[in-house]
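J.: This is the structure I want to talk about, given as structure tokens.
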Amino acid sequence: MRLITNIIKAFFLLFAGLFIFFMLKMDKPGAVNYPFSQASSVEIQSISATISKLQQVYQLRDVSKIDDCINNTMDSSSIFILGTSPNEIFRGKQGASNLLWGDWKYWGDVRFDLNRLCVDTIGQNIAYVVFPGTVKIDIWGMTFPLQVSGVMLNIDERWVFTKMQFQYALNTNYIVFAKIAAIGTLCALVLLSIMLLVCLAYSRNKVD
Numbered sequence: 100m101r102l103i104t105n106i107i108k109a110f111f112l113l114f115a116g117l118f119i120f121f122m123l124k125m126d127k128p129g130a131v132n133y134p135f136s137q138a139s140s141v142e143i144q145s146i147s148a149t150i151s152k153l154q155q156v157y158q159l160r161d162v163s164k165i166d167d168c169i170n171n172t173m174d175s176s177s178i179f180i181l182g183t184s185p186n187e188i189f190r191g192k193q194g195a196s197n198l199l200w201g202d203w204k205y206w207g208d209v210r211f212d213l214n215r216l217c218v219d220t221i222g223q224n225i226a227y228v229v230f231p232g233t234v235k236i237d238i239w240g241m242t243f244p245l246q247v248s249g250v251m252l253n254i255d256e257r258w259v260f261t262k263m264q265f266q267y268a269l270n271t272n273y274i275v276f277a278k279i280a281a282i283g284t285l286c287a288l289v290l291l292s293i294m295l296l297v298c299l300a301y302s303r304n305k306v307d
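The sequence shown runs 100 to 307 under the working numbering.
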């Protein structure tokens with residue numbers, strides 16, 4: 100009986116350790132090496148200036164600045180944004196306003212890493228951009244890596260977003276392994292509880 104209990108304890112510790120390991124690995128941003136950077140220094144500087152404005156208002160999280168943010172960083176007539184959740188699909192100025200309001204009120208502390216901004220221009224007026232970042236979720240206090248990508252237009256010598264996507268830059272393999280480890284931990288805990296109850300009942304019967 101004691102041998103079986105020790106084996107279950109060992110499995111519990113193993114799965115618990117694996118779960119913690121994969122959870123710690125899952126939310127660490129890795130080195131992102133994008134395979135392109137085809138834009139002039141002037142274009143990159145202008146595009147970076149627009150994204151910096153977006154970063155500033157994401158830091159302030161002042162919902163009274165939403166209209167200014169959209170006017171300064173987006174093409175309100177064509178903006179289309181995908182958020183991190185499957186149901187976060189926003190179109191037009193009102194959609195962008197709804198996203199920004201929700202992000203600034205409830206999401207978290209968002210930081211863009213413009214040192215790793217990559218730009219691929221298509222002609223003189225269209226650019227695809229991608230850059231990493233992080234978000235510290237308000238409700239959990241946990242930090243997760245982000246990847247932000249989008250299409251920008253050069254309108255009247257000013258680069259603005261027309262398409263954007265926010266996504267968590269997580270390794271799905273670690274997520275799967277963490278779930279497996281969590282299930283293993285739970286099963287081992289249940290078995291361990293059963294064994295302890297059996298041992299307790301056996302001890303009581305022996306005393307009687």
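All residues carry an ideal CB built from backbone N, CA and C; glycine is no exception.
1. Lys192 to Ile165, Cα distance in whole Å?
2. Could you say which of Leu213, Asn171, Val209 and Ser163 lies nearest to Met241 if we only look at CA atoms?
3. Cα separation between Ser196 and Leu285?
4. In terms of residues, what are the limits of the alpha helix (DSSP H) holding Lys192?
5. If Lys262 sits next to Phe179, beta carbons under 8 Å apart, how far is it from one beta carbon to the other, in whole angstroms?
6. Quick one, which of Gln137, Ile146 and Thr172 has its alpha-carbon nearest Leu153's?
7. Ala148 and Ala226 - do their beta-carbons sit closer together than 8 Å?
8. So if DSSP puts Trp258 in a beta bridge, which residue, or which two residues, is it bridged to?
9. Using C-beta distances below 8 Å, list every residue in its chain close to Ile146, excluding the 5 sequence neighbours before and after it, in chain order.
10. Quick check on this structure: which residue in Asn253, Ile169 and Ser292 has the alpha carbon closest to the alpha carbon of Gln308?
11. Once DSSP output is grouped into helix, strand and coil, what is the label at Ala226?
12. Pick helix, strand or coil for Asp212, following the three-state DSSP scheme.
T.: Let me spell this out:
1. As a first step, residue 192 is located in the sequence shown; it is residue number 93 there, counting from the start. As a first step, residue 165 is located in the sequence shown; it is residue number 66 there, counting from the start. So the alpha carbons of these two residues sit roughly 10 Å apart.
2. By 1-based counting over the sequence shown, the position of residue 241 is 142. Considering only alpha carbons, the answer is Val209.
3. Walking along the sequence shown from the start, residue 196 turns up at place 97. Walking along the sequence shown from the start, residue 285 turns up at place 186. Near 42 Å, if we compare the C-alpha coordinates of Leu285 and Ser196.
4. Within the sequence shown, numbered from 1, the residue matching residue 192 stands at position 93. Residues Gly191 to Gly201.
5. Taking the first residue of the sequence shown as 1, we reach residue 262 at position 163. Taking the first residue of the sequence shown as 1, we reach residue 179 at position 80. Sure, about 5 Å apart at Cβ, within 8 Å.
6. Counting from one through the sequence shown, the residue named residue 153 turns up at place 54. When only C-alpha atoms are compared, the closest one is Thr172.
7. Counted from its first residue, the sequence shown places residue 226 at position 127. Counted from its first residue, the sequence shown places residue 148 at position 49. In this structure, Ala148 does not lie closer than 8 Å to Ala226 by Cβ.
8. Indexing the sequence shown from 1 puts residue 258 at position 159. The partner list for Trp258 (beta bridge, DSSP) reads Asn253.
9. Reading the sequence shown from its first residue, position 47 is the one you call residue 146. The residues are Ala138, Leu216, Val218, Ala226, Val228, Met251 and Trp258.
10. Missing from the structure shown is residue 308; the chain here goes from 100 to 307 and no further.
11. Within the sequence shown, numbered from 1, the residue matching residue 226 stands at position 127. DSSP places Ala226 in strand when its eight states are reduced to three.
12. As a working mapping, residue 212 is identified with position 113 in the sequence shown. Three-state DSSP puts Asp212 in coil, outside helix and strand.
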